[in-house]
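Worksheet: one structure, shown below.
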Amino acid sequence: MIGDIRALLARHLPDVEVRSVTESGHGLDNEVYEVNEELIVRGSRAADPVATRREVDLLAAVRDLATVAVPEVVFADYEQGVIAYRKLPGEPLNLHPVPDPERLAAPLGRLLSALHGADPGELRELAPLDRYPAPTLLVDAGLDYRDVERHVPYEQRPLVEKFLRGTPPDEPRSMRFCHNDLGAEHLLVEAATSTVTGLIDWTDAAVTDPAHDFALIFRDLGPAVFEQTVAHYDLDFDETDRARVLFYARCALIEDLAYGLSTGPRHYADAALAHLAWTFG
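Rendered as structure tokens:
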């Protein structure tokens, strides 16, 4: 794909001298490259011109909502499913842990207040409605667990298996605009100062249960940071919301463990195992 990126840059940014192109990550849907250590170029594995155009429009709308830096599109090639933006400051939190994660809570609370407080009706054309039901998530988690059970420490398996035998939570009272994939890999930070510097990868943004955003904070940063984030959240949040957060966090951890042990980078599995105790405890 590097050759394709050079051709794209020659077409869309003819005045830019391409000195280096390096792969900086990949997922189920996308490949990401860094150009000249200053430009991020993300290409879809299956180009969808309509989806790419919608994401470009969504990023423009999100820049007016978010309280942290988000990608500003430099160019997009809709037919090839490619979006390019200036590299944001900071490093991914999952690869660069901060010494004081509780300092992340206040900016995360303000960010979620801004996103979830937006009028979801105004964003429905850009962010689809996501009503994936909790019972189906629980079934999916059970199937994933069958594939990874042998990798889970023996003494921790009862915690996971008790959860999988449980009852899914009630459906949410309302649906809100969410990032919908707020894992540590998408949070950019300045590690030395424990500062949030940006939020990337908005491809899964949707109008959905706001507990999904909190769930990945719980999974990746732990219950203390989660509770402090809620303390800085301006919208209603009660015990039924907490129940859904915990449910989604557990499903997401099992999913990441399965992904990291199959087709994904191993660090997803390592993080899932490291966070299993606080997520299922």
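For the sequence shown, the positions run 1 to 281 when UniProt numbering is used. C-beta: ideal position from N, C-alpha, C; glycine also.
When we look at the beta-carbon of residue 267 and count the other beta-carbons within 10 Å, is it buried (16 or more) or exposed?
Position 267 of the sequence shown, counted from the first residue, corresponds to residue 267. Exposed: under 16 other Cβ atoms inside 10 Å.
For the alpha helix (DSSP H) holding residue 145, just list the boundary residues, first then last. Locating residue 145 in the sequence shown gives position 145, where the first residue counts as 1. Residue 145 -> alpha helix (DSSP H) spans 134 to 148.
- Message: Applying the 10 Å Cβ sphere with the 16-neighbour rule, what's the burial state of residue 183?
- Response: Here residue 183 is taken as the residue at index 183 of the sequence shown, counted from 1. Its Cβ being crowded by 16 or more others within 10 Å, residue 183 is buried.
Who are the Cβ neighbours of residue 185 in its own chain at under 6 Å, not counting the five residues just before and after it? Numbered from 1 along the sequence shown, position 185 holds the residue referred to as residue 185. Excluding positions up to five away in sequence, the list reads 92 and 94.
(message) Does residue 121 pass the burial test, meaning 16 or more other C-beta atoms within 10 Å, or should it be called exposed?
(response) Within the sequence shown, the letter at position 121 stands for residue 121. In this structure residue 121 is exposed. Its beta-carbon is surrounded by fewer than 16 other beta-carbon atoms within 10 angstroms.
- Taking only runs of the beta strand (DSSP E) that begin and end inside the stretch 186 to 211, which ones reach a length of at least 3 residues, in chain order? Runs of the beta strand (DSSP E) lying entirely within the stretch 186 to 211 and spanning at least 3 residues, in chain order: 187 to 190, 195 to 199 and 206 to 208.
**Request:** For residue 23, write down the residues that DSSP places opposite it in a beta bridge.
**Result:** Numbered from its first residue, the sequence shown carries residue 23 at position 23. In the DSSP output, where bridge partners are listed per residue, residue 23 has 33.
Check your understanding: Taking Cβ positions, are residue 235 and residue 116 nearer each other than 8 Å?
Key -> The sequence position of residue 235 within the sequence shown is 235, counting from 1. The sequence position of residue 116 within the sequence shown is 116, counting from 1. A contact, by the Cβ cut-off of 8 Å.
Worksheet item: For residue 225, which option in 150, 100, 119 and 78 has the closest C-alpha, if you only look at C-alpha atoms?
Response: Within the sequence shown, numbered from 1, the residue matching residue 225 stands at position 225. The shortest Cα separation from residue 225 among 150, 100, 119 and 78 belongs to 100.
Ordered list of alpha helix (DSSP H) runs contained in the stretch 205 to 261, each at least 4 residues: Correct list: 211 to 221, 223 to 231 and 239 to 260.
Inter-residue Cα distance where the pair is residue 106 and residue 159: For the purposes of this step, residue 106 is identified with residue 106 of the sequence shown, where counting begins at 1. For the purposes of this step, residue 159 is identified with residue 159 of the sequence shown, where counting begins at 1. Going from the Cα of residue 106 to the Cα of residue 159 covers about 31 Å.
### When 37, 75 and 110 are compared against residue 230, the one with the closest alpha-carbon
Against the sequence shown, residue 230 aligns to sequence position 230. Among 37, 75 and 110, the Cα nearest to that of residue 230 is on 110.
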